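Taking it in order: structure first as structure tokens, then the write-up.
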Amino acid sequence: MSRIIFVTVGSTGFDQIISLVTSTPFLQLLISQGFAKLVVQYGKSRNSFIKMQNNFINEIEIIGYDYKPSLREDMKIADLIISHAGSGSILEILRLYKPLIVVANENLMDNHQIELAIELQSKGYLVYSSIRCVKIF
1 MSRIIFVTVG
11 STGFDQIISL
21 VTSTPFLQLL
31 ISQGFAKLVV
41 QYGKSRNSFI
51 KMQNNFINEI
61 EIIGYDYKPS
71 LREDMKIADL
81 IISHAGSGSI
91 LEILRLYKPL
101 IVVANENLMD
111 NHQIELAIEL
121 QSKGYLVYSS
131 IRCVKIF
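Counting in our numbering, the sequence shown runs from 1 upward without gaps.
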């Protein structure tokens with residue numbers, strides 16, 4: 001059975017994570033882990049998503065969009081979710097009992113989102129990672 005990964009950056013842009021998840025090495029890693037589809041909610045990072053389309057490889061289906069009224073359906077079908085560190089997104093994903101990797105956009109805010117992600121990681125609810133070392137589990 002093919003696996004689906006969903007990436008959400010929220011309402012703001014997060015060019016770094018879009019560049020990471022659409023890079024050839026990351027896509028090859030996804031394929032090696034059995035992922036066949038990558039769905040990306042890129043928010044204001046549309047240009048980053050379009051710029052990275054040259055990296056796309058045929059072995060994985062890649063779909064991207066800026067916004068939808070609700071991300072719940074994409075979250076429900078995902079086998080793994082990578083999300084920005086917004087508390088609303090984190091809580092919605094946790095309610096669905098989905099494996100979650102949280103990556104804080106360190107350029108946006110003070111440390112409250114990072115503190116929340118670290119605390120929830122310490123309780124075993126999610127994996128927190130910096131943009132430099134996103135983990136696949």
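From the three backbone atoms N, C-alpha and C, an ideal C-beta is built for every residue, glycine too.
Owing to the predicted nature of the structure, the values given are computational and were not obtained by experimental measurement.
{"Query": "Whole-angstrom distance between M75 and L126, CA atom to CA atom", "Result": "15 Å"}
{"Query": "Nearest-angstrom Cα separation, counted from K44 out to I136", "Result": "Any reading at I136 needs caution, since the residue's pLDDT is 49, under 50, leaving its predicted position unreliable; the model's value is listed next. Near 25 Å, if we compare the C-alpha coordinates of K44 and I136."}
{"Query": "Other residues of its chain near A117: CB distance less than 8 Å, five sequence neighbours each side excluded", "Result": "A85, I90, V102, A104, L126 and Y128"}
{"Query": "Distance between beta carbons of F14 and I81, contact taken as under 8 Å", "Result": "The pair is not a contact, with the Cβ atoms about 14 Å apart (cut-off 8 Å)."}
{"Query": "Cβ shell of L120 (< 6 Å), same chain only, five flanking positions each side left out", "Result": "L126"}
{"Query": "8 Å CB neighbourhood of I57 in its chain, flanking five on each side removed", "Result": "T24, L27, Q28 and I31"}
{"Query": "Straight-line gap, E59 to G124 (C-alpha atoms, nearest Å)", "Result": "32 Å"}
{"Query": "Neighbourhood of Y65 by C-beta distance below 8 Å, restricted to the same chain and skipping five residues each side", "Result": "V40, Q41 and Y42"}
{"Query": "Bridge partner(s) assigned by DSSP for G64", "Result": "V40"}
{"Query": "Classification of I17 by the beta-carbon crowding that lies within 10 angstroms, buried from 16 upward", "Result": "buried"}
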